[in-house]
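The opening position of the sequence shown corresponds to residue 5 in my numbering, with each subsequent residue numbered one higher. Built from N, CA and C at the ideal position, the CB exists for glycine as well. In this text, all values refer to a predicted model and were calculated from it rather than measured experimentally. First up is the structure itself, then whatever we jot down about it.
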Amino acid sequence: MNFGRYLEKRQPILFQTFSNALNNSRLAHSYLIQGENGTPLKETALYLAKSILCDHPNPLACEECVTCERVFSEEYPDLIVFDGEEESIKKDDVESVVSLFQKTPLESKGIMIYVIHACENMTPEASNALLKFLEEPTPYAYAILTTRNKEALLPTIVSRCEALTLFLLPREESYNEALSLGVSQEDAELLSYVINDGPSIVKKAKDSQYVNAKTAFLDTLDGLSSNPSQTRFTMEKKVAKSLGDKPTVRYYFDFLALAYKDIVSRKSGGKPYLPSYANILDAVAEEVPHPESSLLSIMTLRKEAESPINLGLLLTHLSRVLTKE
Ligand SMILES: [Zn+2]
5 MNFGRYLEKR QPILFQTFSN ALNNSRLAHS YLIQGENGTP LKETALYLAK
55 SILCDHPNPL ACEECVTCER VFSEEYPDLI VFDGEEESIK KDDVESVVSL
105 FQKTPLESKG IMIYVIHACE NMTPEASNAL LKFLEEPTPY AYAILTTRNK
155 EALLPTIVSR CEALTLFLLP REESYNEALS LGVSQEDAEL LSYVINDGPS
205 IVKKAKDSQY VNAKTAFLDT LDGLSSNPSQ TRFTMEKKVA KSLGDKPTVR
255 YYFDFLALAY KDIVSRKSGG KPYLPSYANI LDAVAEEVPH PESSLLSIMT
305 LRKEAESPIN LGLLLTHLSR VLTKE
């Protein structure tokens, strides 16, 4: 299923709203897409950008033409994308958009678009600069912002934008869809908790951020079950090597939290979260007297990992937490 089909079938309100706007040439100059954790916010923002620029829209992006391809690979010169999940967005970033958008578009379409994903991760100075820019829209410029936390945005930014919402699907649906699209059970189990749609799970399963997070996750479980007294060493020598950027660290903590939820749940006769990992989780459970308190600590460290972090220090804390060193 391509992404347009996903939106049409699973997010019909957003699909209809945006299709109508394009059909009737009534696009707003700024959109704010909001959605819970796991919803494909960035993919949707890029898809809407594609739909505005596509050579053969029907009414949304065809996903086959040269322009759609170039937008997808972020090689379209009149499109700028900032990702607040990779690093926080600063005033300089917004100012670079403003100065670029004062120039004429490079492409013959004469349209410029900027996407700011996870715009809650903007510094206050960047928010103010963005607000000023939104207040004086350029006729050929469009803004597509996304957020998982609307409350953290300046209300004046929210009110300047037309709102679009992505709704969460039941987890089972994205899990089954991922399986039907060829994702392995192991990967579908982990990813369907952090990503809420089949096509994005397929893409993520091959992505190095996920592959590295999973390696770190399995190395951690392996170390905890086979050699718990050496956990700190495992963290330093193995786990740290797989964890580079923030999204990878985030996935790693999410998977670890899932593993401990699984242990807690099964201990009290509940359903497993990660049935494919039952063997290794059984082995870890034998070494963990109080999985509930480990789980709480993992969640706390997961939050800390959102601010600028010293990875080495974070992993030292984690190994203490997991082994009660
Ligand atoms: Zn196209």
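When the beta-carbon positions are compared, isoleucine 37 and isoleucine 148 come within less than 8 Å of each other. Counting only runs of 4 or more residues that sit fully inside the segment 220 to 275, the alpha helix (DSSP H) segments are 235 to 238 and 250 to 271, in chain order. Beta-bridge analysis with DSSP links phenylalanine 86 to Ile120. Secondary structure at glutamine 189: helix, using DSSP grouped into helix, strand and coil. Selection around ligand 1 by beta-carbon proximity, strictly under 7 Å to any non-hydrogen atom, yields Lys54, Cys58, Asp59, His60, Pro61, Ala65, Cys66, Glu67, Glu68, Cys69, Thr71 and Cys72 in chain order. Under the DSSP definition of a beta bridge, leucine 168 partners with Ile37.
Here threonine 151 is bridged, per DSSP, to Gln38.
Counted as a single uninterrupted DSSP element, the alpha helix (DSSP H) harbouring isoleucine 302 occupies residues 295 to 308. Burial of valine 75 is indicated by the presence of at least 16 other C-beta atoms within 10 angstroms of its C-beta. Distance from the CA of threonine 127 to the CA of alanine 133, rounded to the nearest whole angstrom, comes to 10 Å.
Burial check for proline 312: the Cβ neighbour count within 10 Å stays below 16, so the residue is exposed. The beta carbon of leucine 326 sits closer than 7 Å to the beta carbons of Leu228, Thr235 and Ser298 from its chain, once the five residues preceding and following it are set aside; these are given in chain order. Inclusion of leucine 57 and lysine 107 in the CB contact set at 8 Å is not warranted, their separation being larger than that value. Between the segment 169 to 177 and the segment 12 to 24 there are three or more inter-stretch CB-CB distances shorter than 8 Å, so the stretches are counted as touching. In the pairwise beta carbon analysis, the segment 260 to 273 is classified as touching the segment 299 to 318: at least three pairs are separated by under 8 Å. No Cβ-Cβ contact shorter than 8 Å links cysteine 72 with lysine 46.
Under DSSP, no beta-bridge partner is assigned to alanine 156. CA-CA distance, leucine 185 to threonine 43, rounds to 18 Å. By the neighbour-count criterion, in which 16 or more other beta carbons inside 10 Å mark a residue as buried, alanine 65 falls on the buried side. Between histidine 121 and glutamate 89, the beta carbon gap of about 6 Å places them in contact (Cβ cut-off 8 Å). Assignment of beta-bridge partners to alanine 145 by DSSP yields Met116.
According to DSSP, isoleucine 161 shares a beta bridge with no other residue. Residue state for isoleucine 17 is assigned as helix, using DSSP reduced to three classes. Of the candidates Leu222, Ala182 and Ser233, the residue whose Cα lies closest to the Cα of lysine 210 is Ala182.
Secondary-structure assignment with DSSP links isoleucine 93 through a beta bridge to Met126. Secondary structure at valine 198: helix, using DSSP grouped into helix, strand and coil.
A direct Cα-Cα distance of roughly 17 Å separates isoleucine 117 from proline 61. Distance from tyrosine 255 to tyrosine 281 at the Cβ level is roughly 15 Å; contact not present, criterion being Cβ atoms closer than 8 Å.
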